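Sequential numbering from 29 applies to the sequence shown in this note's numbering.
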Amino acid sequence: MLGLGNKNIGIDLGTANTLVYVDGKGIVLREPSVVAKNTKTGDIVAVGNEAQAMTGKAPASIEVIRPMRDGVIADYDTTVSMIKYYIEKALGGRGNKPYVMISVPSGITTVEKRAVIDAAMVAGARDAYVIEEPYAAAIGAGLPVMNPTGSMVVDMGGGTTDVATISLGGIVSSRSVRMAGDKLNEAIVSYIRKNYNLLIGIPSAERLKIEAGSASIEKAKEMRNETVRGRDLLTGLPKSTEVTAEDIAIAIHEDLLEIVGAIKDTLEATSPEISADVVDHGIVLTGGGALIKNLDEVVADATQVPVTVAQDPLDCVVKGTGESLKSIEAMKKK
Ligand code: ADP
Ligand code: MG
């Protein structure tokens with residue numbers, strides 16, 4: 029039958045989310061990088077959304093794992109199972125083994141890169157290639173990566189925030205900090221515990237961040253309050269409390285300053301030519317963290333450079349990875 033031959037796929041194997049792009053189709057899958065395993069047998073119980081829903085609710089016989097940490101593989105076997113599941117889900121289990129392009133953080137070691145390629149091969153790839161995440165993010169955000177014009181992209185995910193300057197088809201300079209969405213969630217949990225004597229779970233903190241998180245404390249004053257449920261640390265009983273958006277903004281402020289600092293450091297370390305381009309064309313924010321309200325404004329204020337949020341920031345890396353599949357064809361011909 030026609031059309032059931034090779035389908036090449038691009039994977040954004042993120043700390044928080046895995047996205048899959050199928051050549052000729054576009055993005056077919058967006059799910060959390062989460063796997064639920066039976067603790068006794070090691071069998072996979074659920075992957076992705078279904079596994080995520082078990083977070084904090086699973087019985088002792090089920091362990092909910094996030095196999096990626098800070099952008100690299102922390103649990104190899106579980107990562108292989110997850111990639112395998114997603115490749116099969118994306119391709120519907122038909123056709124030949126796909127060529128796979130996977131995005132990896134810039135500046136990871138050769139061993140870490142090798143582990144990603146091996147994992148993709150064991151998971152069923154015909155062959156696997158890697159592309160650096162900030163570069164993929166820049167392609168996905170529509171930046172002119174091939175031009176002799178410097179661009180700067182800030183990709184803020186779950187585990188790391190990656191800042192990179194790109195020109196003439198490559199990364200000129202980059203920096204990665206282990207400060208991103210996950211740390212913000214933890215900061216919210218700890219702030220609510222200290223100031224409200226209420227213990228909330230990570231999923232609740234994440235919801236507060238998404239609904240009421242603001243990089244500007246000032247602007248948060250105009251935002252509405254949110255209700256959150258948790259355990260009262262004084263009585264030990266379940267309790268529901270109203271928290272202000274200002275509280276959430278204060279909770280995440282210090283961590284966000286660290287990210288802003290990394291952006292400033294990267295700018296300072298950039299060659300005058302590239303930084304002049306960045307000043308002209310601005311900084312582009314990608315990744316889930318780009319959706320934090322007022323982050324663009326706060327970064328622009330701190331750097332004195334115009335800042336824009338990419339369209340569909342969560343999709344940029346996989347889009348760029350998918351588009352770069354075309355280069356696999358070129359590589360195969362070599
Ligand atoms: P990764 O590449 O590490 O998998 P993503 O780019 O998928 O990460 O982004 C995931 C992070 O973005 C999570 O920490 C999530 O809480 C955060 N995020 C997603 N949507 C929003 C939003 N609307 N506001 C703030 N943070 C968000
Ligand atoms: Mg990412």
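We put the CB at the ideal spot given by N, CA and C, even for glycine.
Just so we're clear, the structure is a prediction, and the values are computed from it rather than from any experiment.
Contact between the segment 334 to 344 and the segment 301 to 321 is present, with at least three C-beta pairs closer than 8 Å.
Bridge pairing for alanine 153: absent [DSSP]. In this structure, alanine 277 and alanine 248 form a Cβ contact; the two beta carbons are roughly 4 Å apart against a cut-off of 8 Å. A direct Cα-Cα distance of roughly 46 Å separates asparagine 322 from asparagine 124. The shortest C-alpha to C-alpha distance from glycine 241 to any of Leu284, Val128 and Pro266 is the one to Leu284. Rounded to whole angstroms, the gap between the alpha carbons of arginine 235 and glycine 229 is 10 Å. With a threshold of 8 Å, the Cβ atom of glutamate 234 counts as near the ligand ADP, since some heavy atom of the ligand is closer than that. Taking C-beta atoms as the reference points, glycine 152 and lysine 112 count as a pair closer than 9 Å. The Cβ atoms of threonine 43 and methionine 82 lie no closer than 9 Å to each other.
Between alanine 165 and aspartate 190, the CB-CB gap stays under 9 Å.
Between the segment 65 to 73 and the segment 136 to 146 there are fewer than three inter-stretch CB-CB distances shorter than 8 Å, so the stretches are not counted as touching. In the same chain as valine 62, and ignoring 5 residues on each side of it, the C-beta atoms closer than 6 Å to its own belong to Ala79, Gln80 and Arg94, in chain order.
Within its own chain, the residues whose Cβ lies closer than 7 Å to the Cβ of proline 60, once the five positions on either side in sequence are excluded, are Ala44, Asn45, Gly76, Asn77 and Gln80, listed in chain order.
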